[in-house]
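Counting from 0, one number per residue, gives the positions in the sequence shown under numbering that gives the first Met the number 0. First comes the structure, then the notes that go with it.
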Amino acid sequence: MSGRTARIDRETSESKVLVELNLDGEGRADISTGVGFYDHMLNALAKHALLDLHVNTVGDLEIDAHHTVEDTAIGIGQALKEALGDKRGIRRFGDATVPLDEALVHCTVDLSGRPYCVHTGEPDGQVYAIIGGDYAGSLTQHVFETLAFNAAICVHIRVLSGRDPHHIVEAQFKAFARALRAAAELDPRQPGIPSTKGAL
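This is how it looks when you write it as structure tokens:
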């Protein structure tokens, strides 16, 4: 199963995205999107999911960060789907509750083959927060929806508490990373497809 890797090249009139991903990595990250705070979040994703993740995105930042952030999430989602393959031998489900000072986030992941995202609990005003000068708080839900859709996975994220906009976002990425890591891990007791349907 050492071949659980993927490479995605995606180019539009708004961005050029390269993603290389190894599900069985060591948490190494080489991230460049031009959006500093997003780079920080993707580094945290790689570290806590134990993914090796290389991302290079050149986007239309002269407009705003939206296309760059969204298109990068598309690429990462597509890479996750490709790297998971037929999902033989995985645990499938994972969940994690992660604190970051005053912030607390719970995330559950099902590598189901069915895209769905439920994202709740951010405090009023979080969507209007600007973090690091160019990352809008409204992008966080959009990232997870985009990842879920393109990876064909089910993601539930609940922000249980939080005050600082940076902490609220970072706790979400770390909780997702830990849940994804648990779900994608190989289960020595289950060498087949973890579904009564025989396919995911």
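All residues carry an ideal CB built from backbone N, CA and C; glycine is no exception. On a predicted model such as this, the values are computed, not experimentally measured, just so you know.
Throw me the rounded Cβ distance for the residue i and residue j pair, which I believe falls under 8 Å.
i    : j    : result
V154 : F175 : 7 Å
G120 : R87  : In fact, because the Cβ distance is near 34 Å, the residues do not count as touching under 8 Å.
L146 : G76  : 4 Å
I7   : G74  : 5 Å
L41  : A82  : Not a contact, Cβ separation roughly 16 Å.
R3   : L17  : At roughly 19 Å, the Cβ-Cβ gap does not stay under 8 Å, so R3 and L17 are not in contact.
H209 : A102 : With the chain represented from 0 up to 199, any question about residue 209 goes unanswered, as that position is not in the structure.
G161 : P122 : 6 Å
So, using beta-carbon positions, are residue i and residue j closer together than 8 Å?
i    : j    : result
V142 : V68  : yes
P164 : A128 : yes
D51  : A45  : yes
R91  : P187 : no
L159 : H105 : yes
I89  : E184 : yes
G131 : F36  : yes
A182 : L110 : yes
D70  : R9   : yes
Per DSSP, which residues does residue i bridge with? Please list them.
i    : result
N21  : T4, D51
I130 : Y134
L99  : A102
R157 : H105, T119
R188 : BP columns for R188 are empty, so no partner.
R9   : V16
S31  : N55
G93  : V108
For the ligand GTP, I want to know if residue i counts as a neighbour, meaning its beta carbon is within less than 7 Å of at least one of the ligand's heavy atoms.
i    : result
D123 : With respect to the ligand GTP, the structure shown offers nothing to examine, as it has no ligands at all.
Answer with buried or exposed for residue i, where buried requires no fewer than 16 other C-beta atoms within 10 angstroms of its C-beta.
i    : result
A198 : exposed
E25  : exposed
R177 : buried
G124 : exposed
V34  : buried
D100 : exposed
G93  : buried
| said: Taking contact to mean 3 or more Cβ pairs, one atom from each stretch, closer than 8 Å, check whether the segment 58-67 and the segment 13-26 are in contact. | reply: Contact between the segment 58-67 and the segment 13-26 is present: 3 or more CB-CB pairs across the two stretches fall below 8 Å.
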